[in-house]
């Protein structure tokens, strides 16, 4: 991987980190919002669904717009829109306005994954894409871990409100928008202009070489892609439910730090947990290999099952260890999953491919917080998620058979 490509991956990945900071700002403050408006976890779970639903459902439109107008423009719009909606949340005067601001923020955040992932996949080859997506995932995981860490630092004194926290988050969004606008201008012109083929036409042979399984003459790849997206939908529900109520789950561990406000300490514990996901991303990115991605993903998802069952039964400090292990294992799926999308979708349609995947994964995954809010006991919540992980692992084995036949047909 040359320096220019690595620089592009780094810049795009910073926008990836921020989208997860914005995503996890709400789990960090949902209890505070509930206390201010006098509502329980059922309503704050619905608030999480209000953020995540457009985050998923808007991704397909965002992918189409990225193909048509360029990834750079869409990434800048995502950042500026996120800054505006953070200010909306901070200045909201009712719970209804909080719902509107979260829904709007989810709409702008939905732009990132199809635009950012497409930009990276077009600049990499099958040989280095797993490594590139691994770095992309690592930086995204840093954003995931830093979100509760920032919340923990801000709220540890007990003097900062959740509204002030959202105002602070608007600042890096504006700064990164300016940086991307200046730095990616020429790169985006090259990526979205000279390397992108017209709609319906194969991508040019220049730049990154096409993958074997993205031959546009074969229509057999689409059933395999739909099976993969079904895996993403099940995994998305696990992710949504786990992430939204993670600080609340850890709040029940009984762990405390003298002098630290509960709102700050539970978020610091969540930062420790999600930091484990960084190592999972790194391991997965290094191990990802074309030809065995499906089986690797099946193993990772199967490994989610005992972790979730441990969470269902854990009490006291065991809650911290159970969540750390799940974070390590669960986040290993992302480089594998994203590499499989690049393998199954033609280069000139990857924005739409990633957009459709994120629409289904995050759109259906948006029901995870609502379901976890209404399901009640941890046994029901995490036991049910373990069943979903088992089913998704089985679907990966089906996918392996399908892509094996596809490879044979294309030989």
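In our numbering, the protein residues as written are 50 to 460.
Glycine residues also receive a C-beta, built at the ideal position from the N, C-alpha and C atoms.
Here the structure is a predicted model, which is why all the values come from computation and not from measurement.
Nearest-angstrom Cα separation, counted from residue j out to residue i
i: residue 312; j: residue 119; result: 41 Å
i: residue 135; j: residue 54; result: 31 Å
i: residue 24; j: residue 335; result: Limits of the chain in this structure are 50 at one end and 460 at the other, which puts residue 24 out of reach.
i: residue 122; j: residue 401; result: 16 Å
i: residue 327; j: residue 270; result: 31 Å
i: residue 203; j: residue 209; result: 6 Å
i: residue 407; j: residue 155; result: 12 Å
i: residue 274; j: residue 105; result: 17 Å
i: residue 216; j: residue 200; result: 13 Å
i: residue 259; j: residue 438; result: Below a pLDDT of 50, predicted positions are generally treated as unreliable, and residue 259, at 43, falls in that range; the measurement from the model is reported next regardless. Distance between the alpha carbons of residue 259 and residue 438: 32 Å.
i: residue 292; j: residue 73; result: 7 Å
i: residue 212; j: residue 174; result: 43 Å
i: residue 113; j: residue 404; result: 8 Å
i: residue 133; j: residue 442; result: 39 Å
i: residue 187; j: residue 148; result: 30 Å
i: residue 223; j: residue 77; result: 22 Å
i: residue 452; j: residue 393; result: 9 Å
For residue i, the three-state DSSP class (helix, strand or coil)
i: residue 100; result: helix
i: residue 444; result: helix
i: residue 370; result: helix
i: residue 336; result: helix
i: residue 51; result: coil
Exposure of residue i, with buried meaning 16 or more beta-carbon neighbours within 10 Å
i: residue 68; result: buried
i: residue 91; result: exposed
i: residue 24; result: The first residue shown for the chain is 50 and the last is 460, placing residue 24 beyond what the model contains.
i: residue 272; result: exposed
i: residue 195; result: buried
i: residue 399; result: buried
i: residue 308; result: exposed
i: residue 245; result: Confidence at residue 245 is low in this model, with a pLDDT of 45, below 50, so the placement of that residue should be treated as unreliable; the coordinate-derived value is given next. Flag for residue 245 reads buried.
i: residue 372; result: buried
i: residue 440; result: exposed
Residue j beta carbon less than 7 Å from that of residue i
i: residue 127; j: residue 169; result: no
i: residue 279; j: residue 444; result: yes
i: residue 337; j: residue 374; result: no
i: residue 288; j: residue 414; result: yes
i: residue 435; j: residue 357; result: yes
i: residue 98; j: residue 421; result: no
i: residue 363; j: residue 192; result: no
Evaluate contact between the stretch 376-392 and the stretch 339-351, counting only Cβ atoms and requiring at least three cross-stretch pairs below 8 Å.
-> yes
Cβ contact (3+ pairs, closer than 8 Å) linking the stretch 176-190 and the stretch 137-146 | no
Would you check if there are 3 or more beta carbon pairs closer than 8 Å linking the stretch 217-232 to the stretch 345-360?
-> no
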